[in-house]
Amino acid sequence: MKRILIADDSGTARMMIRRCLEIVGFSEAEFEEAKDGREALALMKNNPPDLLVSDLNMPSMDGETLLQWVKASPKLVNVPVLVISSVTNQAKTEELKQRGAFAVIGKPVNPALLNEALAPILSD
0 MKRILIADDS GTARMMIRRC LEIVGFSEAE FEEAKDGREA LALMKNNPPD LLVSDLNMPS
60 MDGETLLQWV KASPKLVNVP VLVISSVTNQ AKTEELKQRG AFAVIGKPVN PALLNEALAP
120 ILSD
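Numbering-wise (numbering that gives the first Met the number 0), the sequence shown opens with residue 0 and increments by one.
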């Protein structure tokens, strides 16, 4: 993966997610960051990322709405979306997967969780 977009309203969370991604093997990737879904969509408009990592709870446009926009866009539909949230349960996880997320993991993020979540798309 050459380009990874991280959408989270917390700068600290974005930094931790990026560091964990670097640890699991993406140290050569180009990282972009967005503070909410609107900013993420703007960054993806002309240059879709190879992976979108999105927080669920963000101001302006939340991760669920962002996921809907990405999966409804012919240009972005194939971008894998990993959803991260501090509020997850099995029903919400299944709903997000049905809407197009390839994985949903809880916070705090750590390299082992990310590695496990990314395994299916890394083996492609």
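Don't be surprised by glycine CBs; every beta carbon is placed ideally from N, CA and C.
- Contact holds between the region 42–58 and the region 2–22, because three or more Cβ pairs, one in each stretch, are under 8 Å apart.
- Glu93 carries a helical assignment under DSSP once its states are collapsed to helix, strand and coil.
- In this structure, Val52 is the residue among Val52, Gln67, Pro58 with its C-alpha nearest to the C-alpha of Ala6.
- Less than 7 Å divides the Cβ of Gly36 from the Cβ of Thr64.
- In this chain, Gly36 is not harboured by any beta strand (DSSP E); it is covered by the alpha helix (DSSP H) spanning 36–43.
- Here Ser84 is buried. Its C-beta has 16 or more other C-beta atoms within 10 Å.
- Per DSSP, the continuous alpha helix (DSSP H) segment holding Gly62 begins and ends at 62–71.
- Under DSSP, Val52 forms a beta bridge with Ile5, Leu81.
- Cβ neighbours of Phe25 within its own chain (closer than 7 Å, five residues either side excluded): Met0, Ile3.
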